[in-house]
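Following: one structure in structure tokens, then a few remarks.
Numbering (mature numbering (1 follows the signal peptide of the UniProt record, and there is no 0)), first residue to last: -17 to -1, 1 to 235.
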């Protein structure tokens, strides 16, 4: 998905989508530099699928899930959510009744990259499937957070069926803007996380998945430059900044 394919049009006449790791939804689903994780440690994690995994998502209530805006674009009937398993091909499957992408979503800048998914019925909630709390404030620079998903384990890599996790520090918006200033603008609707040396990051297929800490969702995997590239942190939709829209739209 977008996360790992960005759109680079402007500088040198390139199209930002070939340089940045923006993840437009292609079914190209793991985490770079991470380790295997069990769904019971991240019970909010979902696989968002068409005929196969295309993006991650997170449970936020018994009937609502959240993902990246760039992960959606077709009729709800085209998609399925899977919960409750570390294997993205197993677990409980749910049809989607309603998809609401943020009205200000911009596919060029990847701003407001967020969407809500209402399922047909309710999630079966237990130790392997449970809602995650939504952030109301941002984390300080340097705070460690977990990113989980089934995306590529290296840039251009293949899919793995088992859930993966990587721990990375929050990067200040100023530092992130300095790095990306010739490629895109880091707005207040975005937060950044990653290691300067590279080697740890989200990648293709992780788009829409959670960036979380202590049971709170702070970010949604959105875009970046390549996967785990030195100097370039991953960019995530800022849940705290978008919290009021989530509440107004879903009641959550």
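Ideal Cβ positions, reconstructed from N, Cα and C, are used throughout, including at glycine.
With a 10 Å radius around its C-beta and 16 neighbouring C-beta atoms as the bar for buried, classify residue i as buried or exposed.
{"i": "residue 60", "result": "exposed"}
{"i": "residue 19", "result": "exposed"}
{"i": "residue 163", "result": "buried"}
{"i": "residue 71", "result": "buried"}
{"i": "residue 33", "result": "exposed"}
{"i": "residue 62", "result": "buried"}
{"i": "residue 190", "result": "buried"}
{"i": "residue 223", "result": "buried"}
{"i": "residue 73", "result": "exposed"}
{"i": "residue 165", "result": "exposed"}
{"i": "residue 161", "result": "exposed"}
{"i": "residue 205", "result": "buried"}
{"i": "residue 179", "result": "exposed"}
{"i": "residue 87", "result": "exposed"}
{"i": "residue 52", "result": "buried"}
{"i": "residue 58", "result": "exposed"}
{"i": "residue 230", "result": "exposed"}
{"i": "residue 112", "result": "buried"}
Going by beta carbon distance, what residues of the same chain come within less than 8 Å of residue i, once the five residues before and after it are set aside?
{"i": "residue 102", "result": "46, 47, 48, 64, 77, 78, 79 and 80"}
{"i": "residue 126", "result": "152, 153 and 196"}
{"i": "residue 107", "result": "66, 67 and 75"}
{"i": "residue 225", "result": "85, 95, 97 and 172"}
{"i": "residue 25", "result": "129, 131, 146, 148, 193 and 195"}
{"i": "residue 110", "result": "23 and 26"}
{"i": "residue 169", "result": "156, 159, 160, 163, 175 and 218"}
Can you tell me where the alpha helix (DSSP H) holding residue i begins and where it ends?
{"i": "residue 163", "result": "156 to 163"}
{"i": "residue 133", "result": "No alpha helix (DSSP H) contains residue 133, which DSSP labels as neither H nor E."}
{"i": "residue 226", "result": "226 to 233"}
Using C-beta distances below 6 Å, list every residue in its chain close to residue i, excluding the 5 sequence neighbours before and after it, in chain order.
{"i": "residue 174", "result": "202, 219 and 221"}
{"i": "residue 115", "result": "27, 41 and 200"}
{"i": "residue 44", "result": "114 and 235"}
State the beta-bridge partners of residue i as determined by DSSP.
{"i": "residue 84", "result": "98"}
{"i": "residue 219", "result": "174 and 204"}
{"i": "residue 150", "result": "129"}
{"i": "residue 112", "result": "109"}
{"i": "residue 117", "result": "200"}
{"i": "residue 89", "result": "94"}
So, at 7 Å on beta carbons, what are the nonlocal neighbours of residue i in its own chain, with the 5 sequence-adjacent residues on each side left out?
{"i": "residue 232", "result": "83 and 99"}
{"i": "residue 29", "result": "39, 40, 41, 42, 48, 64, 65 and 66"}
{"i": "residue 31", "result": "37, 38, 39, 40, 50, 54, 62, 64 and 191"}
{"i": "residue 228", "result": "85"}
Determine the extent of the beta strand (DSSP E) in which residue i is found, giving its start and end residues.
{"i": "residue 196", "result": "193 to 196"}
Would you mind listing the alpha helix (DSSP H) stretches within the stretch 17 to 81 that are 4+ residues and don't spill past its ends, in chain order? none
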